[in-house]
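Chains as they are written, first to last, in our numbering: chain A, 1045 to 1316; chain B, 1268 to 1596; chain C, 22 to 315.
Glycine included, each C-beta is placed from N, C-alpha and C at the ideal position.
To start, the structure under review is shown below, and the notes come after it.
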Amino acid sequence: MPVETDADPVTPIAGLPAPDQRPLLVAQHVSRHFEGVHAVEDVSLDVLPGRITGLIGPNGAGKSTFLAVLAGTLPASSGSIIFDGHDVTALPAFRRARRGLVRTFQLPSEFAQLTVLENLLAAAPDNRGDTLRGALLGKRYWKGDEDRLVEQARILLDRFRMSAKESDYASSLSGGQKRLLEIMRALMLQPRLLLLDEPMSGVHPSIIGDIADYCEALRDEGLTILMVEHELHMIERMANPVVVMAQGSVIGQGTMAALRQQREIVDAYLVG
Amino acid sequence: MTYYLTTILVYAAVDILACLAISLQFGVSGIVNFSFIIFQAAGAYTAAVLSLPRDTANGGFQNYILGLNLSFPLPWIAATVVGAVIAVPIGLVALRRLRSDYQAIAMLVLSVIASLVVTNTPAFLGGAAGLSLVPQPLSDKFNPYSDSYQWAFTIGALILAVIVFFLVQRVINSPYGRSLRAMRENEAAANALGKNAVALKMTVFIAGGAIAGLSGAILVGFITIWAPSTWLYPETLILFAAVIVGGRGNNYGAVLGALLVPVGFEEATRYIPPFGPPGLIPALEWVCIGGLILGFLWFRPRGVLPERRRVFPPRRQVAEVGNPSASRD
Amino acid sequence: MSLIVAAFGFGLVSMSIIAISAVGFTMQFGITNMINLAYGQVMIASAYAAYAVNNAGVSIWLALPVAAVFGALFSFLLNRLVYAPFQRKGTNLIGMVIISLAVSLVIANVMLPIVGYYSVSYHQNPGTTYHLGSIAVTGEQLAIIGVAVVVMLAIHALLRLTRLGKAMRATAANPTLARNCGIPTARVIDLAWLITGALCGIAGAVAGMNSDSFSVASGSEFLIPIIAASILGGAGSPYGAMIGAVIIGEMTEISAAIISPEYKQVVAFAVLVLVMVLRPQGLLAKRGALAAAG
């Protein structure tokens, strides 16, 4: 049965084979307050590797804030975040990203005046030319890295069927293409855990299925995903477990089917 | 004629340096440094007080600190370093995680205050009267009034501008420059992708400060005087106008802007017959500068020479020709 | 000691002028999301408008409403003709702050040939000087303090008691949400520019009264304590600006007495730096108002 907020975070989750895998990310009693408003209140959550974990809940439930706290975009007011065995609570966002904890944003956040390919390259780590010194040493110094990364980016573009757009400014993409671009951009960092903040919002219905396919394929290759999303039928299809938040707290988790049996959760959110 | 040409060309070199720095900070990285002119001033004052003798010399008609009588190129090097060094505390306070327009007004206020402090502290850097009789570089070895000296100075200044041009060019066309542009477009997203935005901003702020400091040293080495009236905050806006007109994020645009706006305005007024009461022409000039900014931001926000789209050579060519020299701009 | 007490008296007048201007400045930011760097120049233009009337033989107190109306219309038109079109075009925050500085430069230099390069002073009668210990204030200065108190109370009443005030606060908090709730945000913003412009005009005139003389160049000088008080109080917060004005007004006058009047602005600046280091959001910040985007 779904676990209550204040329960021990390692309690086995209903609907799953008792997971003996170590969680990839452990959030313990995480809170985030803005000037007295409790956006996230004492949330504990384990993210199990190799799965898509869905995070759902009504608007204003604190889902996006929680995601931002996990990624380090916003500091936690209290609580701790353990990623891959390391306490990352005090690390700034860019250091968490370099460790493989990478997020996307709810609002389109493409680098508008960079081309699609440049958007991917800008995200790539390990380019010798990506320091002031490396840049001043000239192209010969960093060209090897650059060529390797261009190749890597083009493989991604092929896979996401965006090769034709390579040299277009990212600002010219459609909403759905921007979502794909952001996912590809995150993949350039070869993340361990991908935090997706409503990857299907503002997307043409015909592309929603594509995004779900890509996410499932990435999961099958071993990528762990935590996804905030309002498209419940897609969550139902992809995510296990699903975590429900309301008013800053986790009010239940389990498979979507199990959650639908929970009266208080249905009342709070799943109506219709 | 020599005097006229060399003056124009030295001013051009100085304005090009300043515009390159602003292009790097504002055009490429999205930092609005409204205190830019104080970095140039810091360089000029540094070069001046290091090359001047003690202030008791020349009958002690002006007061200033130091007066170390150092010979070239030490004052210019020191000016570059000081421009970089003062960028550190200013950047640490002003470039914190705040809204970009808020950062801009903080730096504007700093510019006004710095001018106020220097003006009201005569013993520090000559106060409102400023500094004069600043020795020109190597003036102890050569006659600074000769044509050949003037030309040598001019060529030296232009060479420095060209060197800085190519260094900045290297930076903005590198993966590092791409990270700067990514930060300009969306700082939060850049952070989430592993870019240390604070470090990126501080680095270009310091680099721009160094270039500004050098430009100040060159200018004071040529005109031999420096005073608060030469670095009031609207001067920064002229340079922004130049970069906006020329094209932000494009080095050629920065050069074009430097030649069209600060240099061009200076030259244009030289040929306009004086009309109206005294002061009317400068006032109109400022109105034109403001109008240029508004007009370009409205009609052609990316400038005459916009930032260029970076296209990478197609894959097939990479495979077959084996010469993937990316035509990066 | 008596020097400091006397300075405290001047501080009361200073803070009154800063409060009127800073509340207008910060409300412009809060409601329209725009840092209007031309504010100081509009103040000066309004001060000159009052001067024109005053010079024609009208009492400066009767010229005060002229300055208010002038400032209101000027600000309104500035927004309608320049700022709003650029904002609609999608110009980002950086672009807008550059635009407002360019506008400030244009206003100052269009004014110069019209009003001249020399400082002017109002024809005024400072009235009897009242003494309280070492504090000495003229009747006129008392009246300025009175104007400030009335203006602050009026702003308080506007924000708390009227529908317009509510609509303004809602627009400031979230313009999209406000629009969706049926608030005519375009009209609210127009009215906000008229009201804050009136404050700007009044502030210009009283600042002119309180200084021996003023000129076009005074515009940027006015702006420094205004920015300092607004940031100290928390940009976008009218009540914060009032508190900021009290602190900046007193600190500048008292430090002028202790150190030197030339460094008045430097003290305002030092406070600003301290705030930016210790509490960048100010004392009473509008939540998230100054967070970096995203």
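Which residues mark the beginning and the end of the beta strand (DSSP E) in which residue i is found?
{"i": "B/Phe1432", "result": "B/Phe1432 -> not in any beta strand (DSSP E); alpha helix (DSSP H) instead, spanning 1414 to 1439."}
{"i": "A/Gly1098", "result": "1096 to 1100"}
{"i": "B/Leu1337", "result": "Note, B/Leu1337: premise wrong, no beta strand (DSSP E); not H, not E."}
{"i": "A/Val1146", "result": "1145 to 1147"}
What does residue i reach in chain C if we use C-beta pairs closer than 7 Å?
{"i": "B/Val1360", "result": "Val294, Met297, Val298"}
{"i": "B/Val1352", "result": "Correct list: empty, because the minimum Cβ distance to chain C is about 18 Å."}
Would you check if the distance between the CB atom of residue i and the CB atom of residue j is smaller than 8 Å?
{"i": "A/Gly1123", "j": "A/Ser1153", "result": "no"}
{"i": "B/Phe1301", "j": "B/Gly1476", "result": "no"}
{"i": "A/Leu1270", "j": "A/Leu1092", "result": "no"}
{"i": "B/Ala1424", "j": "B/Ile1485", "result": "yes"}
{"i": "C/Val131", "j": "B/Val1554", "result": "yes"}
{"i": "C/Ala88", "j": "C/Ser67", "result": "yes"}
{"i": "C/Leu58", "j": "B/Ile1548", "result": "no"}
{"i": "B/Ala1285", "j": "B/Ala1479", "result": "yes"}
{"i": "A/Met1380", "j": "A/Met1278", "result": "Past the edges of chain A, shown from 1045 to 1316, lies residue 1380 of chain A, and the structure says nothing about it."}
{"i": "B/Arg1363", "j": "A/Leu1165", "result": "no"}
{"i": "B/Gly1358", "j": "B/Phe1472", "result": "yes"}
{"i": "C/Ala169", "j": "C/Ile41", "result": "yes"}
{"i": "A/Leu1224", "j": "A/Met1206", "result": "yes"}
{"i": "C/Ala123", "j": "B/Ile1560", "result": "yes"}
{"i": "C/Ala129", "j": "C/Val237", "result": "yes"}
{"i": "A/Val1160", "j": "A/Asp1202", "result": "no"}
Tell me the DSSP bridge mates of residue i?
{"i": "A/Ala1071", "result": "A/Leu1089, A/Ile1125"}
{"i": "B/Trp1605", "result": "Because chain B is modelled from 1268 through 1596, residue 1605 of chain B falls outside the range shown and cannot be assessed."}
{"i": "B/Tyr1443", "result": "BP columns for B/Tyr1443 are empty, so no partner."}
{"i": "B/Arg1575", "result": "In DSSP, B/Arg1575 forms no bridge with anything."}
{"i": "A/Val1081", "result": "A/Phe1078"}
{"i": "A/Asp1131", "result": "A/Ile1126"}
{"i": "A/Gly1298", "result": "A/Val1286"}
{"i": "A/Thr1159", "result": "A/Tyr1213"}
{"i": "B/Tyr1331", "result": "B/Leu1392"}
{"i": "C/Phe235", "result": "C/Val141"}
Chain A partners of residue i, CB-CB under 7 Å?
{"i": "B/Asn1463", "result": "Phe1138"}
{"i": "B/Arg1582", "result": "Arg1198"}
{"i": "B/Ala1449", "result": "Phe1155, Leu1158, Ala1166"}
Note down, in chain order, every chain B residue with its Cβ under 7 Å from the Cβ of residue i.
{"i": "A/Val1194", "result": "Phe1579"}
{"i": "C/Gly116", "result": "Leu1564"}
{"i": "C/Gln286", "result": "Ile1380, Leu1383"}
{"i": "C/Ala66", "result": "Residues of chain B passing the Cβ test: none, with the nearest at roughly 14 Å."}
Got a sec: does the ligand GDP put a non-hydrogen atom nearer than 7 Å to the Cβ of residue i?
{"i": "A/Leu1180", "result": "In the structure shown, the ligand GDP is absent, as is every other ligand, since no ligand is present at all."}
Check the Cβ of residue i against every Cβ in chain C and list those closer than 8 Å, keeping chain order.
{"i": "B/Gly1546", "result": "Leu133, Pro134, Tyr138"}
{"i": "B/Ile1556", "result": "Ala123, Leu126"}
Note the first and the last residue of the continuous alpha helix (DSSP H) segment covering residue i.
{"i": "C/Tyr284", "result": "That residue, C/Tyr284, is in no alpha helix (DSSP H); it is neither H nor E in DSSP."}
{"i": "C/Tyr60", "result": "60 to 76"}
{"i": "B/Thr1347", "result": "1341 to 1361"}
{"i": "C/Thr47", "result": "23 to 53"}
{"i": "A/Lys1107", "result": "1107 to 1115"}
{"i": "A/Asn1171", "result": "Looking at the DSSP string, A/Asn1171 is not in any alpha helix (DSSP H), and its letter there is neither H nor E."}
{"i": "A/Leu1200", "result": "1183 to 1203"}
{"i": "B/Leu1272", "result": "1269 to 1289"}
List, in order along the chain, the chain A residues whose C-beta lies closer than 8 Å to that of residue i?
{"i": "B/Gly1444", "result": "Ala1179"}
{"i": "B/Leu1434", "result": "Leu1180"}
{"i": "B/Thr1470", "result": "Leu1176"}
Using a C-beta to C-beta distance shorter than 9 Å, which residues of chain B count as neighbours of residue i?
{"i": "A/Tyr1258", "result": "Per Cβ cutoff of 9 Å: no residues; A/Tyr1258 is ~19 Å from chain B at best."}
{"i": "A/Phe1149", "result": "Asn1453, Ala1455, Ala1456, Ala1459"}
{"i": "A/Gly1182", "result": "Arg1437, Ser1441"}
{"i": "A/Thr1159", "result": "Arg1576, Arg1577, Val1578, Phe1579"}
Show which residues of chain B have a CB atom less than 8 Å away from the CB atom of residue i.
{"i": "A/Pro1169", "result": "Gly1461"}
Give me the chain C residues within the contact set of residue i, using Cβ-Cβ distance strictly less than 9 Å, ordered along the chain.
{"i": "B/Ala1373", "result": "Ile248, Ile252, Leu293, Val294, Met297"}
Problem - Sequence ranges, alpha helix (DSSP H) only - wholly within the stretch 1231 to 1295 of chain A, length at least 4 - result: The alpha helix (DSSP H) runs lying completely inside the stretch 1231 to 1295 of chain A and spanning 4 residues or more are 1249 to 1264, 1276 to 1282, given in chain order.
Practice task
Can you check the stretch 1372 to 1407 of chain B for any alpha helix (DSSP H) of at least 4 residues that lies completely inside it and give the ranges in chain order?
Solution key: 1389 to 1392, all fully within the stretch 1372 to 1407 of chain B.
Practice task
For the stretch 1462 to 1523 of chain B, list the alpha helix (DSSP H) runs that are entirely contained and at least 4 residues long, ordered along the chain.
Solution key: Whole alpha helix (DSSP H) segments, 4+ residues: 1464 to 1490, 1500 to 1513.
Problem - Start-end ranges of the alpha helix (DSSP H) lying completely within the stretch 1534 to 1570 of chain B, minimum 4 residues - result: List check, alpha helix (DSSP H) in window: 1547 to 1566.
Practice task
Would you list, in sequence order, the uninterrupted alpha helix (DSSP H) runs of no fewer than 4 residues that lie entirely inside the stretch 123 to 187 of chain C?
Solution key: Along the length of the stretch 123 to 187 of chain C, whole alpha helix (DSSP H) runs at least 4 residues long occupy 160 to 182, reported in chain order.
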